[in-house]
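4 protein chains.
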Amino acid sequence: MPPDAARRSDRSRRAILVAALELVEALGYSRLTIEAVATRAGVGKQTIYRWWSSKGPLLFEAFVELGPIGQYPPTCGDLAADLRLELRVVVEELGERRFDQVCRALLHEARDDLLALLLTPRRLRLEERLRAAQRVGEVRLEVDVAVAADLLLGAVHQRWLLRTEPLSGQHADAVVDLVLRALRG
Amino acid sequence: MPPDAARRSDRSRRAILVAALELVEALGYSRLTIEAVATRAGVGKQTIYRWWSSKGPLLFEAFVELGPIGQYPPTCGDLAADLRLELRVVVEELGERRFDQVCRALLHEARDDLLALLLTPRRLRLEERLRAAQRVGEVRLEVDVAVAADLLLGAVHQRWLLRTEPLSGQHADAVVDLVLRALRG
Amino acid sequence: MPPDAARRSDRSRRAILVAALELVEALGYSRLTIEAVATRAGVGKQTIYRWWSSKGPLLFEAFVELGPIGQYPPTCGDLAADLRLELRVVVEELGERRFDQVCRALLHEARDDLLALLLTPRRLRLEERLRAAQRVGEVRLEVDVAVAADLLLGAVHQRWLLRTEPLSGQHADAVVDLVLRALRG
Amino acid sequence: MPPDAARRSDRSRRAILVAALELVEALGYSRLTIEAVATRAGVGKQTIYRWWSSKGPLLFEAFVELGPIGQYPPTCGDLAADLRLELRVVVEELGERRFDQVCRALLHEARDDLLALLLTPRRLRLEERLRAAQRVGEVRLEVDVAVAADLLLGAVHQRWLLRTEPLSGQHADAVVDLVLRALRG
DNA sequence: GTGTAAACGAGACGGTACGTCCTGTCTTGCA
DNA sequence: TGCAAGACAGGACGTACCGTCTCGTTTACAC
């Protein structure tokens, strides 16, 4: 029988999500076990398996629901300022332990779908801002905004991923400045 | 006492590296087990644990030693052509299952040091080429070549990482074209 | 938390005991492994470790439950005949491979408590018979029946233990005859 | 090639025997490992395997060479006194940890031959004393001295083996008294 | 004295079994 | 009757020793 969502205990569901988030923050992804989540949530293991197929989707849902994503700064009219602010928020977010752990978790479990989902909102905003800039002539029309977004986000994600050098606002600014030269008419 | 490297059996060492590489290619990282490597290599488990602490460093060494890294295309004088070729090789490499799996393995095990090591040679070549271009005036002197490399590699790694869209030579070319606009005087 | 005996699977428990007994008979104690028991019983190793601490107690329980102890020959009125019969049964029992192996197992694991438990029923019968003989004047009242039982059983166990000479009914008879001379008024 | 006993290092041999005895006393038989003996003796494992086939014979030799066997009390003319003294020495010996451990070791390894060898000297003395008593008419000629020795030693070994009650001189005396009644004319 | 052959210390090797941990499924009993 | 509790089969983990097998290094006899 498929689980009957109507009868689902919201109490248990929330306890599980909270426990998962706390544990992934404390232990990192690979040391996180379903058993530990169940125990900490005061829940039977079956109750987890009934509703989630594995650690990945569980953490994803936990993060979407409870995670500290939120910050969408308002855009002003200045393209450079807007992009800089946008990237700096990305940098901040990646610096948070929970976000970091969940992203790496999804990454490894080949749940790239979920990871992409997690990162999509920012990318969409970025692309939208670039298209707006195209409409007012600040960005050339021939520019593929998807590629432009790859440059902006990729450069930052690159450093996060490899930890070659610490993420910083300065780096994000440098990235924006360089990319803007490529986009302008 | 630490193991005595002088008495190490090269026969066993190579058998282990080969087996590890074959298995990670066949099964992917998470389904790879030390036991399976030992069995396939005809080796005791202890002989693996004696010399490697975990799957990550084992795969790394296997890849460095036996992996198909090699390709360093000769540079011609044309900056655009050189960068395009360089990025296309990167794309190819990431498309190989073994390379892909090993990178994700290191990533997950937080062996960013090893992952960076794996990716460093290409980055160095890229930066070197950019510096050469600066010397002949093809790239502005104010450009931070490290940031430029972040743009070029980050954009490609981004797609590899998220699998949002398949890696392709066209995309790499588009990235190069866009970045070149930012670099030129 | 201690295992919850109420939820214990009797199916698994019996399969384990049967497998243990078959294997100890086939291989002897020292070549018996928990892994082999688990495999033959179609059971996870943990299910064995959950309920038994080691091979010794496992075999003991197996033997008590499934072993061919049973034989308690009826006593006739003749003291000499009764003691002879009793010792001959002991000799027979010690001659059985399973009993032999289990006893030596317990001995080695210093589980003398269990070994004594295994041998106790016979000793109690023997002492009881001697006390009855004391009541009818066939055995002097000053005799310590515990010591008398030590003589009877000890002499037989001695040979079993050291394998100096094969156990035999004749030897048992000789022991009884000699001891009777010491007991009679 | 068989090992060349002429070149055998007496230094190593003694170090091994000493280490074996110390370790079996400290750990008991089953927790004693060849590796530990080698390490403690400052000797390569191969040097042990070259000269002994397993733990059993090693411990046996160690015990025969270094063990505290020795005590053979002089006999006086009194049969009862002589037997009592003899058994009391046996009791004392079995009470020593090293002797106890080595006996149980040999017992379990089915090296009953070695165990019997260890216990034989006392049995021979006992049988000899009984035969002497037969010659002077203190013991009936029909008595099988081997069976008589089984009674005497068996009763004591019985308690040692099962640890049902602590070994004691009193018990040994009671055994002697009872057996003497069976032996006398 | 020197040469050579064995025993030696050290310890890596292929294995086996250990006892623990966790997975994902199944079962029981309480609320 | 839904859920906590947790037993279950399975299987990988990392460790401990096994007994065998080189490695150089003494050591001691034969020349």
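Chains as they are written, first to last, in the UniProt record's numbering: chain G, 1 to 185; chain U, 1 to 185; chain C, 1 to 185; chain X, 1 to 185.
For glycine and all other residues, C-beta sits at the position ideal for the given N, C-alpha and C.
Quick check on residue i - is its C-beta less than 8 angstroms from some C-beta in chain U?
i: residue 116 of chain G; result: yes
i: residue 107 of chain G; result: yes
i: residue 112 of chain G; result: yes
i: residue 1 of chain G; result: With a pLDDT of 45 at residue 1 of chain G, under the threshold of 50, the modelled position of this residue cannot be trusted, and the question is left open.
Residues of chain G with a CB under 7 angstroms from the CB of residue i: which are they?
i: residue 174 of chain U; result: 144 and 147
i: residue 164 of chain U; result: 116
i: residue 158 of chain U; result: 150, 153, 154 and 157
With a cut-off of 8 angstroms, does the C-beta of residue i fall near any C-beta of chain G?
i: residue 94 of chain U; result: no
i: residue 59 of chain U; result: no
Would you say residue i reaches chain C, if we count a Cβ-Cβ gap shorter than 8 angstroms as a contact?
i: residue 11 of chain X; result: no
i: residue 30 of chain X; result: yes
i: residue 104 of chain X; result: yes
Taking Cβ positions, are residue i and residue j nearer each other than 8 angstroms?
i: residue 112 of chain U; j: residue 140 of chain G; result: no
i: residue 147 of chain X; j: residue 175 of chain C; result: yes
i: residue 79 of chain G; j: residue 138 of chain G; result: yes
i: residue 107 of chain C; j: residue 161 of chain X; result: yes
i: residue 154 of chain C; j: residue 170 of chain X; result: no
i: residue 37 of chain G; j: residue 20 of chain G; result: yes
i: residue 63 of chain G; j: residue 118 of chain G; result: yes
i: residue 90 of chain G; j: residue 73 of chain G; result: no
i: residue 182 of chain U; j: residue 181 of chain G; result: yes
i: residue 67 of chain X; j: residue 98 of chain X; result: yes
i: residue 32 of chain G; j: residue 55 of chain G; result: yes
i: residue 3 of chain C; j: residue 52 of chain C; result: no
Take the Cβ of residue i as the centre, count every other Cβ of all protein chains shown within 10 Å, and call the residue buried at 16 or more, exposed below.
i: residue 11 of chain U; result: exposed
i: residue 45 of chain X; result: exposed
i: residue 233 of chain U; result: Shown here, chain U extends from 1 to 185; a query on residue 233 of chain U therefore has no answer.
i: residue 81 of chain C; result: exposed
i: residue 187 of chain U; result: As displayed, chain U neither begins before 1 nor continues past 185, which places residue 187 of chain U out of reach and without an answer.
i: residue 166 of chain U; result: exposed
i: residue 5 of chain U; result: exposed
i: residue 101 of chain C; result: buried
i: residue 29 of chain X; result: buried
i: residue 123 of chain G; result: buried
i: residue 136 of chain X; result: exposed
i: residue 104 of chain X; result: buried
i: residue 109 of chain C; result: buried
i: residue 93 of chain C; result: buried
Under 7 angstroms Cβ-Cβ, which residues of chain U neighbour residue i?
i: residue 122 of chain G; result: Neighbours of residue 122 of chain G on chain U: none; closest Cβ ~12 angstroms, over 7 angstroms.
Looking at the C-beta of residue i, does it have a partner C-beta in chain X at a distance below 8 angstroms?
i: residue 161 of chain C; result: yes
i: residue 137 of chain C; result: no
i: residue 154 of chain C; result: yes
i: residue 66 of chain C; result: no
i: residue 126 of chain C; result: no
The ligand ADP heavy atoms versus the CB of residue i: any closer than 7 angstroms?
i: residue 6 of chain X; result: Ligands in the displayed structure: none, and consequently the ligand ADP is not present.
Listing by chain order, which chain G residues have their CB less than 9 angstroms from the CB of residue i?
i: residue 179 of chain U; result: 151, 178, 179 and 182
In chain X, which residues lie less than 9 angstroms from residue i when you measure between Cβ atoms?
i: residue 130 of chain C; result: Correct list: empty, because the minimum Cβ distance to chain X is about 12 angstroms.
So residue i contacts chain U; which residues on that side make the cut at Cβ distance below 8 angstroms?
i: residue 141 of chain G; result: In chain order: nothing, as chain U lies at least about 14 angstroms away.
For residue i, return the contacting residues in chain X, with the cut-off set at a CB-CB distance below 8 angstroms.
i: residue 119 of chain C; result: 162
(Q) Does the contact criterion of 3 or more C-beta pairs under 8 angstroms hold for the stretch 166 to 185 of chain U versus the stretch 123 to 131 of chain G? (A) Contact fails between the stretch 166 to 185 of chain U and the stretch 123 to 131 of chain G, because fewer than three Cβ pairs, one in each stretch, are under 8 angstroms apart.
Q. Counting Cβ pairs closer than 8 angstroms, one from the stretch 47 to 64 of chain U and one from the stretch 19 to 26 of chain U, do we hit at least three?
A. Yes, the stretch 47 to 64 of chain U touches the stretch 19 to 26 of chain U.
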